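Inspection log for the structure reproduced underneath, given as structure tokens.
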Amino acid sequence: MRGFITDMNKRLMENIYRTLIERAVELGAVQAKLIDTDQIVFDPRSHLKCRFGCNRWGRFWTCPPHLDLSQEMFMHAFSKYSKGVIIKTSEPKRGQEVAVAIEKEAMIVSGLRFAFALSLCVQCEECSYPDPCRFPHLARPSMDAYGVDIGKTLEHLGLEVDFDREGKLTPAWYSMVLLD
Ligand code: SF4
5 MRGFITDMNK
15 RLMENIYRTL
25 IERAVELGAV
35 QAKLIDTDQI
45 VFDPRSHLKC
55 RFGCNRWGRF
65 WTCPPHLDLS
75 QEMFMHAFSK
85 YSKGVIIKTS
95 EPKRGQEVAV
105 AIEKEAMIVS
115 GLRFAFALSL
125 CVQCEECSYP
135 DPCRFPHLAR
145 PSMDAYGVDI
155 GKTLEHLGLE
165 VDFDREGKLT
175 PAWYSMVLLD
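Count along the sequence shown starting at 1, add 4, and that's the number in our numbering.
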């Protein structure tokens, strides 16, 4: 009996993940893929890249050093997740909107109450920092803000590189929704 229930739960979760992936594509993702969280690669050198050379550092509520949630706190929370969805879009605003919509659907429709999106916040040309955020319902940290090596993580997924009709590499932006 226990095996039957475990199988049923597994099938139920697979259906939920499939639906969320399909929804991400319906909402405008170029691709969306399920990932085991142990395939997500962290590299502390990402913090060096954030701190030096990125013009967002210190200017956005959603970027270091204003995250107000330390790397340790993030990693503690991250350790509770076993799955995530990686969302590829052709521009960052769409990526942010799809990721937050999937976070919401996972919570409300699928009952995954700790679903959490990570996506570069590009809602405003200039962030309102230090005044209150204008769109807190959309503002989330990016993956690299918390040390994710996006390139290495994508290698595990075999995400495709796209070319346009003239053979030029098309831009790609990545967001993620942690699911639980
Ligand atoms: S929504 Fe606007 S104000 Fe809020 S963090 Fe993003 S860029 Fe800043």
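Glycine included, each C-beta is placed from N, C-alpha and C at the ideal position.
Predicted model only: the values in this text are computed from it and were never measured.
Q) What residue ranges within the segment 21–98 form continuous alpha helix (DSSP H) runs of no fewer than 4 residues, ordered along the chain? A) 49–55, 75–82
Q) Cα-Cα, which of E129, K108, S114, L52 is closest to L122? A) The sequence position of residue 122 within the sequence shown is 118, counting from 1. If we check each option's Cα against that of L122, K108 comes out closest.
Q: Work out the CA separation of I91 and W61 for me, nearest whole Å.
A: Position 57 of the sequence shown, counting from 1, holds the residue named residue 61. Position 87 of the sequence shown, counting from 1, holds the residue named residue 91. When rounded, the distance between both Cα atoms is 24 angstroms.
Q | Contact check, T66 vs A119, beta carbons under 8 angstroms | A | Translated into positions along the sequence shown, residue 66 becomes position 62. Translated into positions along the sequence shown, residue 119 becomes position 115. No, Cβ-Cβ distance for T66 and A119 is not below 8 angstroms.
Q: Select from C125, G88, P96 the residue whose C-alpha is nearest the C-alpha of H141.
A: The sequence position of residue 141 within the sequence shown is 137, counting from 1. It is C125.
(Q) Tell me the residue span of the beta strand (DSSP E) that contains L161. (A) Taking the first residue of the sequence shown as position 1, residue 161 is located at position 157. Counting along the chain, L161 falls outside any beta strand (DSSP E), though it belongs to the alpha helix (DSSP H) covering 154–161.
Q. Quick one: what's M180 bridged to in DSSP?
A. Position 176 of the sequence shown, counted from the first residue, corresponds to residue 180. M180 pairs with I90, L122.
**Q.** heavy atom of ligand 1 below 7 angstroms from S123 C-beta
**A.** Along the sequence shown, read from residue 1 onward, the residue named residue 123 stands at position 119. No, Cβ of S123 sits at least 7 angstroms from all heavy atoms of ligand 1.
Q: Can you have a look at P134 and say buried or exposed, based on whether 16 or more other CB atoms are within 10 angstroms of its CB?
A: If you number the sequence shown from 1, residue 134 lands on position 130. Classification for P134: exposed.
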